[in-house]
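The structure appears right after this line, and notes come after that.
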Amino acid sequence: MKKHLALIALISLALVQASALEYGGIIDNDTSVRITGNQWSSPNLRDNLTVTANLRQPFNNQGTVYIAAEGFFRYGLGITFGQDPLLVTHGFTLDLSLLKIGASFKLNNNQSIVLNAGRFIASDETGLVLNQTIDGLWFQFNSSRAVFQAMAAYTGLLNAKTTSMLMASGSAWTPSDPQPLYILAAPYIIGNLKAEFPYLFANQTLTIETLALFGIDIAQTDGNRMYATLALTGPLAQKLFYTLSSTLCIHNFDFTTLSNLSRLEFSFYPLAEKMKLSFGATYASGTIPSVFTPFAAITAQPSVSLAGFRYTGILKGGIHFTFKPNKVLLLAANTDVLFDCRSDFAFNGVQLEGDLRYQMFSDVAFGLNIKSYFAMEEARNALSATLKATISF
Numbered sequence: 139m140k141k142h143l144a145l146i147a148l149i150s151l152a153l154v155q156a157s158a159l160e161y162g163g164i165i166d167n168d169t170s171v172r173i174t175g176n177q178w179s180s181p182n183l184r185d186n187l188t189v190t191a192n193l194r195q196p197f198n199n200q201g202t203v204y205i206a207a208e209g210f211f212r213y214g215l216g217i218t219f220g221q222d223p224l225l226v227t228h229g230f231t232l233d234l235s236l237l238k239i240g241a242s243f244k245l246n247n248n249q250s251i252v253l254n255a256g257r258f259i260a261s262d263e264t265g266l267v268l269n270q271t272i273d274g275l276w277f278q279f280n281s282s283r284a285v286f287q288a289m290a291a292y293t294g295l296l297n298a299k300t301t302s303m304l305m306a307s308g309s310a311w312t313p314s315d316p317q318p319l320y321i322l323a324a325p326y327i328i329g330n331l332k333a334e335f336p337y338l339f340a341n342q343t344l345t346i347e348t349l350a351l352f353g354i355d356i357a358q359t360d361g362n363r364m365y366a367t368l369a370l371t372g373p374l375a376q377k378l379f380y381t382l383s384s385t386l387c388i389h390n391f392d393f394t395t396l397s398n399l400s401r402l403e404f405s406f407y408p409l410a411e412k413m414k415l416s417f418g419a420t421y422a423s424g425t426i427p428s429v430f431t432p433f434a435a436i437t438a439q440p441s442v443s444l445a446g447f448r449y450t451g452i453l454k455g456g457i458h459f460t461f462k463p464n465k466v467l468l469l470a471a472n473t474d475v476l477f478d479c480r481s482d483f484a485f486n487g488v489q490l491e492g493d494l495r496y497q498m499f500s501d502v503a504f505g506l507n508i509k510s511y512f513a514m515e516e517a518r519n520a521l522s523a524t525l526k527a528t529i530s531f
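The sequence shown runs 139 to 531 under our numbering.
See the structure below:
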């Protein structure tokens, strides 16, 4: 009798857990056309079809302990016109972008602990040094006076087709033996410590952060990098806020390799959450003899998408406008001015961008993005238009 009761209890527990399982998926397709220089007769068309599946299984009634996973398959088609025959390329990508166990625990005196273990997205304070998927452990302690974070990660099992990382030289790491679906990324160990002090003075928040990158195996020749960031954020007036940060980096503990990434941004919210106007500047050092060397982030990200410049040897200033008149429509307009600071200081170009997103139904959305880059060199001019459709289920 006891065995039967135990079996019934186990089956009941399994049914309860199964009923709590959350799952879904997304199908999205984005089609883009790009023209570079004056090659109007040779546009490049790219189409990406991505199918994503996700699930989340809580292990308690509060949902504070859970396992989450997300993976996707992508098919990419590229066509370059103006050639006979047409240049056609195909690409396939398979990736597990999320697989983690998460937990949060409340302590006394409004304190709490948050833990993540597995594969998840990690970002530094600026979002410009590190902003990618990692495999590792993440810990956060929250209190009313301070927030402390610690992270340890490994990158050698990631897919290099979806996670592009930079070497100390500023160039993207490329594998020696590419595979069609999954390419192992550069093997680095990343360590991160962060302390945030909210409302430290006059409602200002101070953040101190360190990042360490250690190359191993085939990435060992790239050496080690250390980053230190100091950031201040807070209100300046009603509806006006600012973000100021500066990051210093050295290679292999050699202070003659010092480089810098600095950012200042002001954000104005005239209509609360419906409208945002931001303007600011970002500087990533180039070569300044006896002062700075070229800055190299960990994650490869474009500074201005059509210009082909990453966050190294650039000065970028921009004005960004976002308007959300209702729940289904989002409008955005951006202007970015780019200067080349790799060795000398020279104007490079201006990018204009417009973005429209429309949520037709709760599970159907469309987007249109148009941008153009006007460069000093005519051959570097670029025009791009992207149409995106998303269905969730």
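Cβ coordinates follow ideal geometry from the N, Cα and C atoms, glycine included.
At 3 residues or longer, what runs of the beta strand (DSSP E) sit wholly inside the stretch 465-517?
467-478, 484-499 and 502-513
Determine the direct distance from the alpha carbon of Phe531 to that of Ile164, and round the result to whole angstroms.
Taking the sequence shown and counting its residues from 1, the one referred to as residue 164 is at position 26. Taking the sequence shown and counting its residues from 1, the one referred to as residue 531 is at position 393. Going by the C-alpha atoms only, they are around 6 Å apart.
Would you mind reading off the limits of the beta strand (DSSP E) that contains Arg194?
Counting from one through the sequence shown, the residue named residue 194 turns up at place 56. Where Arg194 is concerned, the enclosing beta strand (DSSP E) stretches over Asn182 to Pro196.
By the DSSP assignment, the beta strand (DSSP E) with Ala306 in it spans what residues?
Within the sequence shown, the letter at position 168 stands for residue 306. First-last for Ala306: undefined, no H or E at that position.
Have a look at Pro336 and Ser383 and give me their C-alpha separation to the nearest angstrom.
What you label residue 336 is simply residue 198 of the sequence shown in a count that begins at 1. What you label residue 383 is simply residue 245 of the sequence shown in a count that begins at 1. Each residue's alpha carbon lies about 15 Å from the other.
Cut-off 6 Å between Cβ atoms - residues of its own chain near Gln200, not counting five sequence neighbours on either side
Along the sequence shown, read from residue 1 onward, the residue named residue 200 stands at position 62. None.
Nearest by alpha-carbon distance to Gly361: which of Thr348, Arg401 and Leu304 is it?
For the purposes of this step, residue 361 is taken as the residue at position 223 of the sequence shown. Cα-wise, what sits closest to Gly361 is Leu304.
Roughly how many angstroms lie between the CA atoms of Gln439 and Tyr449, to the nearest whole one?
Here the question's residue 439 lines up with position 301 in the sequence shown. Here the question's residue 449 lines up with position 311 in the sequence shown. Going from the Cα of Gln439 to the Cα of Tyr449 covers about 7 Å.
According to DSSP, is Asp262 part of a helix, a strand, or is it coil?
The count along the sequence shown starts at 1 and reaches residue 262 at position 124. Coil, per DSSP.
Please report how far the alpha carbon of Asp493 lies from the alpha carbon of Ile508, in whole angstroms.
Within the sequence shown, numbered from 1, the residue matching residue 493 stands at position 355. Within the sequence shown, numbered from 1, the residue matching residue 508 stands at position 370. Those two C-alpha atoms are separated by around 7 Å.
What three-state label does DSSP hand Asp222 in the structure shown?
Translated into the one-based positions of the sequence shown, residue 222 becomes position 84. The answer is coil: DSSP assigns Asp222 none of H, G, I, E or B.
From Ala158 to Phe197, what distance separates their C-alpha atoms?
Here residue 158 refers to the residue found at position 20 when the sequence shown is read from its first residue. Here residue 197 refers to the residue found at position 59 when the sequence shown is read from its first residue. About 9 Å.
What separation, rounded to the nearest whole angstrom, lies between the Cα atoms of Ala520 and Phe230?
The residue you call residue 520 lines up with position 382 of the sequence shown. The residue you call residue 230 lines up with position 92 of the sequence shown. Taking the straight line from one Cα to the other gives about 26 Å.
Exposure of Thr399, with buried meaning 16 or more beta-carbon neighbours within 10 Å
Your numbering for residue 399 matches position 261 in the sequence shown. Sequence check: residue 399 is Leu here, not Thr. Buried, since its Cβ has 16 or more Cβ neighbours within 10 Å.
Selection from Phe352, Thr300, Phe406 and Thr264 that minimises the alpha carbon distance to Gln376
Translated into positions along the sequence shown, residue 376 becomes position 238. The residue from Phe352, Thr300, Phe406 and Thr264 with its alpha-carbon nearest to that of Gln376 is Phe406.
Taking all protein chains shown into account, do 16 or more other C-beta atoms lie within 10 angstroms of the C-beta of Gly535, making it buried, or fewer, making it exposed?
Limits of the chain in this structure are 139 at one end and 531 at the other, which puts residue 535 out of reach.
Out of Gly446, Asp168 and Ala527, point me to the one whose CA is closest to Phe477's CA.
What you label residue 477 is simply residue 339 of the sequence shown in a count that begins at 1. Selected option, being the one with the closest Cα: Gly446.
C-alpha gap between Ile529 and Thr169, whole angstroms:
Along the sequence shown, read from residue 1 onward, the residue named residue 529 stands at position 391. Along the sequence shown, read from residue 1 onward, the residue named residue 169 stands at position 31. If I take the Cα positions, the gap works out to 15 Å.
Which residues DSSP lists as bridging Ser397, in chain order
Position 259 of the sequence shown, counted from the start, is the residue given in the question as residue 397. Ser397 is bridged to Cys387.
Locate the beta strand (DSSP E) running through Tyr365, then write down its first and last residues.
The count along the sequence shown starts at 1 and reaches residue 365 at position 227. Looking at the DSSP string, the run of the beta strand (DSSP E) that includes Tyr365 is Asn362 to Ala375.
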